[in-house]
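Participant: For what it's worth, the numbering used here labels the leading residue of the sequence shown as 3, then goes sequentially.
Don't be surprised by glycine CBs; every beta carbon is placed ideally from N, CA and C.
None of the values given here were measured: they were computed from a predicted structure.
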Amino acid sequence: MFEVRFAVREYEIDSQGVVNHAIYVNYLEHARSFFLRAHGFEYGRLVEQGLHLMVAHMALDFREALRSGDEVLVRLSAERVGAKLHFHQQILRGADERVCVTATTHIVCVQNGRVTRGDFFEHLIKDIENDRTAERDG
Numbered sequence: 003m004f005e006v007r008f009a010v011r012e013y014e015i016d017s018q019g020v021v022n023h024a025i026y027v028n029y030l031e032h033a034r035s036f037f038l039r040a041h042g043f044e045y046g047r048l049v050e051q052g053l054h055l056m057v058a059h060m061a062l063d064f065r066e067a068l069r070s071g072d073e074v075l076v077r078l079s080a081e082r083v084g085a086k087l088h089f090h091q092q093i094l095r096g097a098d099e100r101v102c103v104t105a106t107t108h109i110v111c112v113q114n115g116r117v118t119r120g121d122f123f124e125h126l127i128k129d130i131e132n133d134r135t136a137e138r139d140g
């Protein structure tokens with residue numbers, strides 16, 4: 003399972019003293035970007051090649067709020083389902099690892115203005131599986 007940690011920023015806090023609900027979508031995107039980078043795929047280079055990874059569906063369930071000073075921990079896993087890549091993500095408070103948000107995000111790959119069959123995702127999934135094998139055997 004992939005993880006990324008970062009701090010809540012003061013400007014993300016709303017008038018109720020908690021992270022604004024819309025910010026959690028940014029946290030999820032931030033984690034997915036780092037996930038791709040960790041597997042050798044940069045958004046900018048993909049776009050240069052005419053590949054665009056686009057959100058087709060997103061669902062979030064809010065459980066607890068993050069506050070100023072909290073460390074954010076985002077965990078994610080991914081699986082290919084047909085032409086889509088499904089991300090399963092959790093946003094946790096870093097200090098106690100309490101789940102604040104659970105989310106699923108379905109990504110499609112668009113090339114030259116058309117949704118593809120998701121062949122790009124096959125390369126990504128193979129890379130993920132190779133990493134898991136290396137961790138287990140290493």
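Since residue 5 is in the beta strand (DSSP E), which residue starts that stretch and which ends it?
Facilitator: Run containing residue 5: 4-9, per the beta strand (DSSP E) assignment.
Participant: Are there three or more Cβ pairs, one per stretch, closer than 8 Å when the region 40-51 is compared with the region 77-88?
Facilitator: Result no; under three Cβ-Cβ pairs closer than 8 Å.
Participant: Which two residues bound the contiguous alpha helix (DSSP H) that contains residue 25?
Facilitator: Segment 25-40, the alpha helix (DSSP H) holding residue 25.
Participant: With DSSP as the reference, label residue 66 as helix, strand or coil.
Facilitator: In the structure shown, residue 66 sits in coil (DSSP, three-state: anything other than H, G, I, E or B).
Participant: Can you tell me the Cα-Cα spacing of residue 51 and residue 18, whole angstroms?
Facilitator: If I take the Cα positions, the gap works out to 43 Å.
Participant: In the DSSP assignment, the alpha helix (DSSP H) including residue 49 goes from what residue to what residue?
Facilitator: Its alpha helix (DSSP H) spans residues 45-50.
Participant: How long is the line joining the alpha carbons of residue 102 and residue 108, rounded to whole angstroms?
Facilitator: If I take the Cα positions, the gap works out to 20 Å.
Participant: Less than 9 Å separating the beta-carbons of residue 61 and residue 105?
Facilitator: Contact flag set, yes.
Participant: Identify, in the order they occur along the chain, each residue of the same chain with its Cβ nearer than 7 Å to the Cβ of residue 114, setting aside the five sequence neighbours on each side.
Facilitator: Answer for residue 114: 52, listed in chain order.
Participant: Assuming the contact rule is C-beta atoms closer than 8 Å, residue 20 and residue 68 should be a hit. Round their C-beta distance to whole Å, please.
Facilitator: Indeed they touch by this definition, with Cβ atoms about 7 Å apart.
Participant: On the criterion of 16 or more Cβ atoms from any shown chain inside 10 Å, does residue 122 qualify as buried, or is it exposed?
Facilitator: Buried is the call here.
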